[in-house]
Amino acid sequence: MPKVPAMINADDKTFLTGLFEAAIAAADPKAAIARYLPPKPAGRTVVIGAGKGAAQMAAAFEELWGEPVQGVVVTRYGYAAKCQNIRVLEAAHPVPDAAGLEAAKQLSDAVSGLGPDDLVVALICGGGSALLPSPPAAMALADEQALNNALLASGAPISAMNAIRKHMSGIKGGRLAALAHPAKVISLIVSDVPGDDPAQVASGPTVPDVTSRDDAQAAINAYGIDLPAALLAHIRQTPAPDPSDPVFAGNEVHVIASAAQSLEAAAKAASAAGVPGVILSDAIEGEARETAKMHGAIAREVSARHRPFVPPVVILSGGETTVTLKGNGKGGRNTEFLLSLAQTCEGMAPFTALAADTDGIDGSEDNAGAFVDGTTTARLRAAGLDPAGLLANNDAWRAFDALNDLFSPGPTGTNVNDFRALLIRPA
243 MPKVPAMINA DDKTFLTGLF EAAIAAADPK AAIARYLPPK PAGRTVVIGA
293 GKGAAQMAAA FEELWGEPVQ GVVVTRYGYA AKCQNIRVLE AAHPVPDAAG
343 LEAAKQLSDA VSGLGPDDLV VALICGGGSA LLPSPPAAMA LADEQALNNA
393 LLASGAPISA MNAIRKHMSG IKGGRLAALA HPAKVISLIV SDVPGDDPAQ
443 VASGPTVPDV TSRDDAQAAI NAYGIDLPAA LLAHIRQTPA PDPSDPVFAG
493 NEVHVIASAA QSLEAAAKAA SAAGVPGVIL SDAIEGEARE TAKMHGAIAR
543 EVSARHRPFV PPVVILSGGE TTVTLKGNGK GGRNTEFLLS LAQTCEGMAP
593 FTALAADTDG IDGSEDNAGA FVDGTTTARL RAAGLDPAGL LANNDAWRAF
643 DALNDLFSPG PTGTNVNDFR ALLIRPA
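Note that our numbering numbers the sequence shown so that position 115 is 357, with each residue one more than the last.
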């Protein structure tokens, strides 16, 4: 199918891209880690890490630490960065694979046998849940893959998914930190979860919380998650680690970068460019297509009635939406948000929006997100595509690929969840 030339205003795309870049810069791992660098221990320093920005965090830590360290981190395929002494492993995301299984074992081995004078620095960011599969005894990788697939298709928020994951893992829910005892564990966390609860990031391998078996079962029931009987039995019978356990005493947890900080940086950059930036929230959850309708309604109100904001203005938000899979198309939560937003804001002008995952990848393809404006749906129809049909099939990637409106900055080295920016100019 021939591609339709992009018609989105080039200056507005440049402006929105600059806001995204400001948000990413605010979550730069080196600057963030430098603010929380711990004192050097009497014994060894062991670095472990997991997430889509873990390799960049490890490289930054090595440079800042100034002397050799040992350790191992795991990141997504294609997201590696060069480290001097820390081993960088790669594994699959969002569905775990055998490489992730081996990575989880190597991280566990790295913290085993340490003493009270040793220090473990845990570099944790989003994506670690899938990158650290560690099925309990009598379970296999296939069981954890089945669990992950069911969670991804459920539309459940990240807090509900992690409540379940922690009860089906040998490494999550603080278990990795427990293995390191009696060494002190300092967790430096780049948050990609609404509310910035450190125990939710990567399902908290080094940070236990009070989530119970009953909470996990309640999440399964609430979202109709269909799990094999063996998984359900294990979840019902196996408690997660207790945060009050003495093995966690003396450990430190620091959220070093978050969506809130990145959105504030984007708002500041917008204002410096002469467009006021307003932040709706850094913790928006819910179905991507429904969240888009809410954002679109606000944008229309601003454009038509100059309330609650007066154009020009850029409306910013973060958090993590979800997609309940009903079709078999390509895409991610940000492109799904945008395809729904394009229908809500059809014909609206001057209006341009960008939504993107701050790690550089939205869903299973190589784009972070896409751009839309008031002409998006009309251009799709001119290309012989049905916007509503594409949305119903969860096929937003194909829509924006056809229009040349995908946004593909590549891996960013950090992850503070979704970034959304809606630019409304005076009519």
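Here a beta-carbon is modelled for each residue, glycine too, at the ideal position from N, C-alpha and C.
Neighbourhood of residue i by C-beta, 6 angstroms cutoff - its chain only, sequence neighbours within 5 removed
i           : result
residue 286 : 360
residue 397 : 564 and 566
residue 341 : 333
residue 505 : 521, 524, 558 and 560
residue 343 : 375 and 383
residue 225 : A query on residue 225 cannot be resolved here, the shown segment of the chain reaching from 243 to 669 and no further.
residue 574 : 604 and 605
residue 719 : Given a span of 243 to 669 for the chain in the structure shown, any question on residue 719 remains unanswerable.
CB contact flag (residue i, residue j, <8 angstroms)
i           : j           : result
residue 485 : residue 425 : no
residue 702 : residue 289 : Absent from the structure is residue 702, since the part of the chain shown begins at 243 and ends at 669.
residue 495 : residue 449 : yes
residue 610 : residue 616 : no
residue 687 : residue 645 : Here the chain comprises residues numbered 243 to 669, so residue 687 is not present and cannot be evaluated.
residue 292 : residue 373 : yes
residue 445 : residue 407 : yes
residue 431 : residue 363 : no
residue 282 : residue 306 : no
residue 533 : residue 600 : no
residue 621 : residue 249 : yes
residue 614 : residue 583 : yes
residue 337 : residue 387 : yes
residue 585 : residue 630 : yes
residue 275 : residue 346 : no
residue 400 : residue 442 : yes
residue 580 : residue 612 : yes
residue 417 : residue 470 : no
residue 493 : residue 578 : no
residue 647 : residue 576 : no
residue 527 : residue 562 : yes
residue 511 : residue 261 : yes
residue 339 : residue 473 : no
residue 509 : residue 519 : yes
DSSP beta-bridge partners of residue i
i           : result
residue 332 : 317
residue 649 : 611
residue 365 : 291 and 430
residue 564 : 529
residue 376 : Residue 376 pairs with nothing; no bridge assigned.
residue 662 : 559 and 597
residue 521 : 558
residue 312 : 288
Residues of its chain near residue i, where Cβ-Cβ distance is below 7 angstroms and the 5 sequence neighbours each way are ignored
i           : result
residue 254 : 594 and 665
residue 549 : 543
residue 587 : 538, 541, 542, 593 and 616
residue 460 : none
Per-residue burial, residue i [other beta carbons within 10 Å of its own, 16 or more giving buried]
i           : result
residue 545 : buried
residue 298 : buried
residue 256 : exposed
residue 488 : exposed
residue 312 : exposed
residue 294 : buried
residue 277 : exposed
residue 596 : buried
residue 314 : buried
residue 640 : buried
residue 452 : exposed
residue 350 : buried
residue 491 : exposed
residue 589 : exposed
residue 552 : exposed
residue 323 : buried
residue 570 : exposed
residue 531 : buried
residue 321 : buried
residue 662 : buried
residue 507 : buried
Min CB distance residue i to chain B below 8 angstroms
i           : result
residue 564 : No chain B appears in this structure, which consists of one protein chain only.
Close Cβ partners of residue i (< 8 angstroms) along its chain, the five nearest in sequence each way excluded
i           : result
residue 503 : 268, 269 and 658
residue 468 : 392
residue 529 : 397, 563, 564, 565 and 566
Query - Continuous alpha helix (DSSP H) assignments of at least 4 residues falling wholly in the segment 460 to 515 - result: 471 to 479 and 501 to 514
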